[in-house]
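Beneath this line is the structure, given in structure tokens, with notes to follow.
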Amino acid sequence: MSDWPILVTAGLGVAGTLAASYLGIHGIRRQTTDQAEIEHGQWLRNQRQEAYVQFLEAWDQAVGKLETLVEDWDIIEREMDAHGQSDEFEEAIHRRTAAAQETAARPLERVSLLGSEQVDAAVTRMDLVFDDAQAWLNEQAAPSSGAWDAERWTNCLSRLHRARFDFTTAARVVIRSAPRPGR
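In this text, residue positions in the sequence shown follow the working numbering: the first is 28, and each later residue adds one.
Following this line, the structure appears as structure tokens:
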């Protein structure tokens, strides 16, 4: 009898063992990579969630400061007139609008750094809308501005609230999507 069938069988056994070992190592490596990717995705999602909540709190405070400024506008103007500081009214308004903007600046930067693209676009829009409201209030403080435009302020508020809603919608999509490998 010939030894060839035994040698072929042994060779196939060795080749099968090597192939199974390679596939096992590759599979374990892939599983480890996928696990690390999922854990990083969960960490990033938690960081985003925390940043989004902090940003919304800061945003609400900043918009609240603008609303308070508008509510107190006449009082501030009268008090400054009474103390002979009417020429400083414009600068006082500028300081208050800048303080309102500063309230949300750092949380906005953090959200922008953490992404995603949808959220980054929404937060950029929020920043622009806030800048527009701030610039308009600063213009209204100028002596040459004329009468208060209540309709314009209502429009500014509406845009500020709409920008917040759009951000919340984009953030919700990011937070609710579970991390998956290869994504």
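Note that beta-carbon positions come from the ideal geometry of N, C-alpha and C, so glycine has one too.
Taking its Cβ as the centre, do 16 or more other Cβ atoms sit within 10 Å of residue i, making it buried, or is it exposed?
i	result
residue 192	exposed
residue 39	exposed
residue 135	buried
residue 33	exposed
residue 102	exposed
residue 35	exposed
Using CA coordinates, which residue listed in the options is at the minimum distance from residue i?
i	options	result
residue 91	62, 33, 127	127
residue 94	181, 199, 80	181
residue 201	63, 73, 111	73
residue 96	107, 70, 123	123
residue 190	152, 171, 64	152
residue 184	132, 86, 108	86
residue 203	64, 137, 79, 62	79
residue 88	132, 172, 138	132
residue 176	110, 100, 62	100
In whole angstroms, what is the alpha-carbon distance linking residue i and residue j?
i	j	result
residue 174	residue 129	28 Å
residue 31	residue 43	18 Å
residue 186	residue 76	24 Å
residue 117	residue 84	28 Å
residue 167	residue 155	18 Å
residue 67	residue 205	11 Å
Put residue i into one of helix, strand or coil per three-state DSSP.
i	result
residue 142	coil
residue 111	coil
residue 31	helix
residue 175	coil
residue 204	coil
residue 168	coil
Exercise for review: Could you tell me whether the region 161-172 touches the region 141-153, where touching means 3 or more Cβ pairs closer than 8 Å?
Suggested key: no
Hey, is the region 196-207 in contact with the region 146-155, meaning 3+ C-beta pairs nearer than 8 Å? yes
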